[in-house]
Amino acid sequence: SQTIHQWPATLVQPVGSPLSLECTVEGTSNPNLYWYRQAAGRGLQLLFYSIGIDQISSEVPQNLSASRPQDRQFILSSKKLLLSDSGFYLCAFGTGVYNSPLHFGNGTRLTVT
Amino acid sequence: QQQVKQSPQSLIVQKGGISIINCAYENTAFDYFPWYQQFPGKGPALLIAIRPDVSEKKEGRFTISFNKSAKQFSLHIMDSQPGDSATYFCAASEDQGAQKLVFGQGTRLTINP
Chain A
4 SQTIHQWPAT
14 LVQPVGSPLS
24 LECTVEGTSN
34 PNLYWYRQAA
44 GRGLQLLFYS
54 IGIDQISSEV
64 PQNLSASRPQ
74 DRQFILSSKK
84 LLLSDSGFYL
94 CAFGTGVYNS
104 PLHFGNGTRL
114 TVT
Chain B
13 QQQVKQSPQS
23 LIVQKGGISI
33 INCAYENTAF
43 DYFPWYQQFP
53 GKGPALLIAI
63 RPDVSEKKEG
73 RFTISFNKSA
83 KQFSLHIMDS
93 QPGDSATYFC
103 AASEDQGAQK
113 LVFGQGTRLT
123 INP
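Quick note, the sequences are listed as chains A and B, same order. For the first sequence, the working numbering begins at 4 and goes up steadily by one. For the second sequence, the working numbering begins at 13 and goes up steadily by one.
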């Protein structure tokens, strides 16, 4: 079966520190991968998506970057965190099949202090 | 740019009642409309989805109604139960291979026993 793992579940980091959030998918090959950020009252905002290794697109200019070192691994990074980076970060995968759903991980609650 | 507008932001329904959440979209190229259910501390999970070639889809107590001309769709939860208390998101995407979902702002549903 297809599963997605995301960690850590919670993270408290000081302003200016680096960030690395990791996401891995099992049970499928060459998935589409996504990073979303969820803010209260604003739904889920797409940050990055990748339809293959070395194919990463950014949706929103910001202090974050994404990388896909392996087919089923997606990493969200920052060199220096800002207070405004606090939020709930969700990784998701899709199969790329027409009208098929996205499957989300359980998210990382990031608090920048 | 908000492409999917969702209302209400919060909703309180008595047990056994009907919960109704509405969404409106702008992009006529959208052709996939899923609803996600999210419990606290968890990632969103697909609840039900519809394509624009049908006006209604029902799965158990959950029904999506779709009005293509009005660019609106809604989720109806019949015989609402306390276990349905969660945040619900509507979403939409185009079939471009990247499966980029655009989400509504979310509705926090509370079912009173």
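All C-beta atoms in this analysis are idealised placements derived from N, C-alpha and C, irrespective of residue type, glycine included.
Short CB-CB distance (under 8 Å) between residue i and chain C
i             : result
L58 (chain B) : Of the protein chains in this structure, namely A and B, none is chain C.
Anticipated Cβ contact below 8 Å, residue i with residue j, distance rounded
i              : j              : result
F91 (chain A)  : R112 (chain A) : 5 Å
S53 (chain A)  : N35 (chain A)  : 7 Å
F115 (chain B) : F101 (chain B) : 5 Å
I89 (chain B)  : I76 (chain B)  : Incorrect: roughly 11 Å between the Cβ atoms, too far for contact.
T114 (chain A) : T31 (chain A)  : Their Cβ separation, rounded to whole angstroms, is 32 Å, which puts T114 (chain A) and T31 (chain A) out of contact at 8 Å.
Through-space distance from residue j to residue i, alpha-carbon basis
i              : j             : result
T13 (chain A)  : V63 (chain A) : 23 Å
W38 (chain A)  : S97 (chain B) : 26 Å
Y48 (chain B)  : I59 (chain A) : 25 Å
G108 (chain A) : E25 (chain A) : 11 Å
Y37 (chain B)  : Q16 (chain A) : 37 Å
T6 (chain A)   : T27 (chain A) : 8 Å
D67 (chain B)  : I56 (chain A) : Per the sequence shown, residue 67 (chain B) should be read as Ser rather than Asp. Going by the C-alpha atoms only, they are around 38 Å apart.
T119 (chain B) : G19 (chain A) : 34 Å
K83 (chain A)  : R40 (chain A) : 17 Å
N33 (chain A)  : F77 (chain A) : 12 Å
L85 (chain A)  : N66 (chain A) : 8 Å
Q84 (chain B)  : P20 (chain B) : 14 Å
L121 (chain B) : W10 (chain A) : 28 Å
I24 (chain B)  : F51 (chain B) : 16 Å
C35 (chain B)  : K70 (chain B) : 17 Å
Extent of the continuous beta strand (DSSP E) to which residue i belongs
i             : result
K17 (chain B) : 16-19
L85 (chain A) : No beta strand (DSSP E) contains L85 (chain A), which DSSP labels as neither H nor E.
I76 (chain B) : 74-79
L59 (chain B) : 57-62
Three CB pairs or more closer than 8 Å across the stretch 99-106 of chain B and the stretch 36-50 of chain B: yes
At least three beta-carbon pairs within less than 8 Å, the stretch 57-72 of chain B to the stretch 91-107 of chain A: yes
Unbroken stretches of the alpha helix (DSSP H), 4 residues or longer, contained in the stretch 29-53 of chain A: none
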